[in-house]
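Line by line, the protein sequences give chains A and B.
Under this note's numbering, the first sequence is numbered contiguously, ending at residue 270.
Under this note's numbering, the second sequence is numbered contiguously, ending at residue 593.
Glycine included, every Cβ here is placed at the ideal spot set by N, Cα and C.
Have a look at the structure below before the remarks.
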Amino acid sequence: MNQPGKGMRVGLFATCVNDIMFPSAPKAVATILERLGCEVIFPTAQTCCGQMFTNTGYFSAGLATVRTYVEAFDGFDYVVSPSASCIGSVREQHPMLAEQGTGSTHASRHDRALLQRARRLAERSYDLSEFLIDILGVVDVGAVFPHKVTYHPTCHSLRVAHVGDRPLRLLRAVRGLQLIDLPDAYTCCGFGGTFCVKNPDVSVAMASAKAHNIIATGADYVVAGDNACLMNFGGLLHRDRASVKPIHLAEILAESRTS
Amino acid sequence: MNATTTRVTSRDAARLTPAPPPGLLEDSPVFPIAAKRELANSQLRNNLARATETIRTKRAIRVAEVPRWEDLRTAAEAIKNATLRHLDDYLLQAEANLIKAGAHVHWARDAAQADQIVVDLVKASGVDEIVKVKSMVTQEIEMNEALEAAGVAAWETDLAELIVQLGHDRPSHVLVPAIHRNRAEIRDIFVEEMGRYGTPAPDGLTDDPAELTAAARQHLRDKFLRARTSTSGGNFLVADTGTLVVVESEGNGRMCVTLPDTLISVVGIEKVVPTFEDLEVFMQLLPRSSTGERMNPYTSMWTGVTPGDGPQNVHVVLVDNGRTKALADPIGRQALRCIRCSACMNVCPIYGHVGGHAYGSVYPGPIGIILTPQLRGMSAPVDRSLPYASTLCGACVDVCPVKINFPEVIVHLRHKAADLKKADRRPHMETLVMGVVGWLFGRESRYTWVTTASGLVGRVLKAGLDGRQKFFGWLPWPATRWSQARDLPIPASQPFRRQWKKRSSSPGRTPEGLSSHDRDTEVRP
Ligand code: SF4
Chain A
12 MNQPGKGMRV GLFATCVNDI MFPSAPKAVA TILERLGCEV IFPTAQTCCG
62 QMFTNTGYFS AGLATVRTYV EAFDGFDYVV SPSASCIGSV REQHPMLAEQ
112 GTGSTHASRH DRALLQRARR LAERSYDLSE FLIDILGVVD VGAVFPHKVT
162 YHPTCHSLRV AHVGDRPLRL LRAVRGLQLI DLPDAYTCCG FGGTFCVKNP
212 DVSVAMASAK AHNIIATGAD YVVAGDNACL MNFGGLLHRD RASVKPIHLA
262 EILAESRTS
Chain B
69 MNATTTRVTS RDAARLTPAP PPGLLEDSPV FPIAAKRELA NSQLRNNLAR
119 ATETIRTKRA IRVAEVPRWE DLRTAAEAIK NATLRHLDDY LLQAEANLIK
169 AGAHVHWARD AAQADQIVVD LVKASGVDEI VKVKSMVTQE IEMNEALEAA
219 GVAAWETDLA ELIVQLGHDR PSHVLVPAIH RNRAEIRDIF VEEMGRYGTP
269 APDGLTDDPA ELTAAARQHL RDKFLRARTS TSGGNFLVAD TGTLVVVESE
319 GNGRMCVTLP DTLISVVGIE KVVPTFEDLE VFMQLLPRSS TGERMNPYTS
369 MWTGVTPGDG PQNVHVVLVD NGRTKALADP IGRQALRCIR CSACMNVCPI
419 YGHVGGHAYG SVYPGPIGII LTPQLRGMSA PVDRSLPYAS TLCGACVDVC
469 PVKINFPEVI VHLRHKAADL KKADRRPHME TLVMGVVGWL FGRESRYTWV
519 TTASGLVGRV LKAGLDGRQK FFGWLPWPAT RWSQARDLPI PASQPFRRQW
569 KKRSSSPGRT PEGLSSHDRD TEVRP
């Protein structure tokens, strides 16, 4: 396999949900990127993108995670993450939060520097699918996954990170993979960060509709680029003893005969 | 009910028009509670699902026909922004041109003032009943109830508004106020109520749409012919000519703005557009976005008084009611660009599940959750809950013809709501959790306590040791909000950072040095 990533140093942003609950996703990202020649580093100063705080209205807690993110990744040319939602937050919200931080009259030079660094870092932060296609120029990562799969395009991947059809192009290049269309694919699954506990009844109603559509495809796996969404309808599928299994895009792309 | 309500709430004969549900909208339960109530109504969900699906599909087809749709949206956004930036100038220009054309202009700071102006004008016109063109701002200021209290009957003439009014109900949609009703329910309402307030429904009325429409037409006919005073809203107010524009589908509005002698238009101050040419943009965007039509059937435009033709006594009431407050907010003000097309609610998955009544607001759906808390302020619990009635999925962003960035405003309003909660004496669970978790996640050293603890939980419960994910099927309160219908994966026994550390210190540093994955790969029976 050729190694378009040769000589590239990539910072792996695992995200808190994956770090704590789904380590196989960041692990898969490391597998794929190293196979493509990248040097992958996990800076331990990283914590979380902070969107659960920011999106609930707690901007100062969000700002604290902007600092951990900048501290962890400032030295990298590329940051890659298995969550388009968290990358979306880095791009859209980190500069906004840093700017709020500089808004006060006692903003220090340090705060203003943070805004600059957050802005520049946002431009170097990528969702896995973007990094593979746009930076490494790879669509076929050499993966083999002989199963029936349906793809849920997450809202933030589409409308915040704007990854478009990149995940689908990557999936179509996987050997043996049979892709089945998901009805109503573009409708939100009802996770919504703290929405799922602040509005539990609506969240469950939305997740049920999503689960219903997933089951109707008859797929073996439902794939998405974000474990938070997979955890939402996956939790419902598990409760209902459905046979279809949630899986992260990175885990499929990491599957190869050689490993 | 609420002691502060002065409204006549019983269906007794003392009333002139059907009584709406008791209580004030501001006193509605918070969104999660009201949503739960509405979710229990499966009839409602079916009606809504069918209606919004149809309208969404129609919109998508009609929008796809326009090659430069995105340019139109950008133009609309720019026109509205420029107008709002100089709103004071444009309003004065509109006022001057209205007066020049023979109209009377009135300014109302809030709902009570607007209602008083309308009541006085109606009384001065010497009538005890009026006919109405469908209008959102008159719902917002609860004009019908103010008129009722003053002994004037206000009759809705839009078919869906008539269904709502006769049904002792509230609108649940900006464009299709009776979207929550199906044909059978409408038939029952007509049979039951029409006779009490005018021409009764014909004998043997069925739920055939043509028959229902004919019954409504029959019921409204006398009212139209008797009416000497009418009210309208206004979709647009053109500043450089003083022209008012009403866009509608049924022709009832055309009757209301032409037949009576006195016409009172109640218009929100954000409805002004600078020039007649600007209408070109909006008249292309509005019908396609709202009803999915290339062009709406009736567009009425009038500029003050035309001697000997139509109403000779023309009034315009310009209403603020919280709009200048919204205008003062650099992020929130974009909500004032709204042209009330309703596209955002038609694509909103939350609106689609719960309908308009869950919002405790005249404006439901995405626009409601960003506009109402700005217009009414956030002192009522329901108004603080509205910005949270969103998953931030952004479906509304894609369709809004004036390109409102909903997530941006929602997060901004949540920030305000959170600050209010923090300032509250009463402790809030949310503030507590966000404070603690935010503190933990704000620094690597503290965050690793969390991963250490979660890994410990995972190891004790043996999560992922055999390559499978395990789940909690039950969680204690308040996590029941998750676990009532969903299982939750047990945290990984080896958090990623721990796996990485081990790998880094092991020779070779191959990714395969990481432990086998925790994903559930079992095949269930
Ligand atoms: S916010 Fe936008 S989409 Fe919603 S009603 Fe207003 S103009 Fe239409």
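Does the Cβ-Cβ distance between residue i and residue j come in under 8 Å?
{"i": "P455/B", "j": "I437/B", "result": "yes"}
{"i": "E338/B", "j": "L556/B", "result": "no"}
{"i": "A72/A", "j": "F84/A", "result": "no"}
{"i": "I407/B", "j": "V313/B", "result": "no"}
{"i": "V152/A", "j": "Q189/A", "result": "no"}
{"i": "L116/B", "j": "I247/B", "result": "yes"}
{"i": "G310/B", "j": "K191/B", "result": "no"}
{"i": "T520/B", "j": "I31/A", "result": "no"}
{"i": "L243/B", "j": "T122/B", "result": "no"}
{"i": "H28/B", "j": "A144/B", "result": "Since the displayed chain B opens at 69 and closes at 593, residue 28/B lies outside it and no answer follows."}
{"i": "G204/A", "j": "D138/A", "result": "no"}
{"i": "A216/A", "j": "R554/B", "result": "no"}
{"i": "V208/A", "j": "I418/B", "result": "no"}
Among the options, which residue has its Cα nearest to the Cα of residue i?
{"i": "F350/B", "options": "R565/B, L189/B, I147/B", "result": "I147/B"}
{"i": "M107/A", "options": "R123/A, P54/A, S94/A, N224/A", "result": "R123/A"}
{"i": "S136/A", "options": "A75/A, F244/A, V233/A, P93/A", "result": "P93/A"}
{"i": "N210/A", "options": "V467/B, K104/B, E94/B, E229/B", "result": "K104/B"}
{"i": "A307/B", "options": "N149/B, L112/B, N165/B, T459/B", "result": "N165/B"}
{"i": "E348/B", "options": "L140/B, S358/B, K168/B, L234/B", "result": "L140/B"}
{"i": "L354/B", "options": "G376/B, R405/B, G319/B", "result": "R405/B"}
{"i": "Q233/B", "options": "T85/B, S513/B, V415/B", "result": "T85/B"}
{"i": "Q442/B", "options": "V518/B, R482/B, P135/B", "result": "R482/B"}
{"i": "A196/A", "options": "G187/A, D176/A, F206/A", "result": "D176/A"}
{"i": "E133/B", "options": "A486/B, G263/B, R362/B, G194/B", "result": "R362/B"}
{"i": "R177/B", "options": "G336/B, V341/B, G219/B, A108/B", "result": "G336/B"}
{"i": "D156/B", "options": "R391/B, M497/B, E261/B", "result": "R391/B"}
{"i": "V101/A", "options": "G68/A, L44/A, R120/A, T76/A", "result": "T76/A"}
{"i": "R186/A", "options": "G68/A, K38/A, S267/A", "result": "S267/A"}
{"i": "N303/B", "options": "H425/B, N364/B, A491/B", "result": "N364/B"}
Would you mind giving the Cβ-Cβ distance between residue i and residue j, rounded to the nearest angstrom? I have them listed as a contact below 8 Å.
{"i": "S317/B", "j": "V201/B", "result": "Wrong, their Cβ atoms sit about 12 Å apart, outside the cutoff."}
{"i": "V171/A", "j": "G319/B", "result": "Not quite, the Cβ-Cβ distance comes to about 43 Å (not below 8 Å), so this is no contact."}
{"i": "A102/B", "j": "A485/B", "result": "About 17 Å; that fails the 8 Å criterion."}
{"i": "V21/A", "j": "F87/A", "result": "7 Å"}
Near residue i, what residues of its chain come up, given a Cβ to Cβ distance below 6 Å and the 5 sequence neighbours on each side ignored?
{"i": "G272/B", "result": "none"}
{"i": "R605/B", "result": "A query on residue 605/B cannot be resolved here, the shown segment of chain B reaching from 69 to 593 and no further."}
{"i": "S270/A", "result": "With a pLDDT of 46 at S270/A, under the threshold of 50, the modelled position of that residue is not reliable, and no figure is offered here."}
{"i": "C240/A", "result": "T165, C200, F202"}
{"i": "N149/B", "result": "none"}
{"i": "F53/A", "result": "L23"}
{"i": "P257/A", "result": "V233, L241, G245"}
{"i": "A265/A", "result": "A39, T42, I43"}
{"i": "A253/A", "result": "I226"}
{"i": "E98/B", "result": "The residue asked about is misnamed: residue 98/B is Val in this sequence, not Glu. Cβ neighbours of V98/B beyond the five flanking positions: P449, V450, S453."}
Alpha carbon to alpha carbon, how far is residue j from residue i? Give it in angstroms, no decimals.
{"i": "D276/B", "j": "N250/B", "result": "11 Å"}
{"i": "D588/B", "j": "R536/B", "result": "Note on D588/B: pLDDT 38, under 50, position unreliable in the model; no value is reported."}
{"i": "T578/B", "j": "F156/A", "result": "At T578/B the pLDDT is 48, less than 50, meaning the model places this residue with poor confidence and gives no usable figure here."}
{"i": "P475/B", "j": "D388/B", "result": "25 Å"}
{"i": "A182/B", "j": "F258/B", "result": "31 Å"}
{"i": "R128/A", "j": "F24/A", "result": "17 Å"}
{"i": "V591/B", "j": "S168/A", "result": "Low local confidence applies: a pLDDT of 28 at V591/B is under 50, so the model's placement there is unreliable, and no value is given."}
{"i": "V315/B", "j": "Y366/B", "result": "6 Å"}
{"i": "T225/B", "j": "G321/B", "result": "8 Å"}
{"i": "T79/A", "j": "W517/B", "result": "16 Å"}
{"i": "G112/A", "j": "L126/A", "result": "8 Å"}
{"i": "A228/B", "j": "E106/B", "result": "20 Å"}
{"i": "A221/B", "j": "N212/B", "result": "8 Å"}
{"i": "D196/B", "j": "A218/B", "result": "9 Å"}
{"i": "Q402/B", "j": "A278/B", "result": "41 Å"}
Leaving out five residues on either side along the sequence, give the residues of the same chain with a beta carbon under 8 Å from the beta carbon of residue i.
{"i": "S298/B", "result": "I198, V199, K200, V201, C324, V325, L327, P328, T330, L331, I332, P379"}
{"i": "P15/A", "result": "L47, G48, L147, G148, V149"}
{"i": "T142/B", "result": "K471"}
{"i": "A56/A", "result": "T79, E82, A83"}
CB-CB under 7 Å to residue i, same chain, minus the five flanking residues each way: which ones, in chain order?
{"i": "C27/A", "result": "T58, C59"}
{"i": "E103/A", "result": "V171"}
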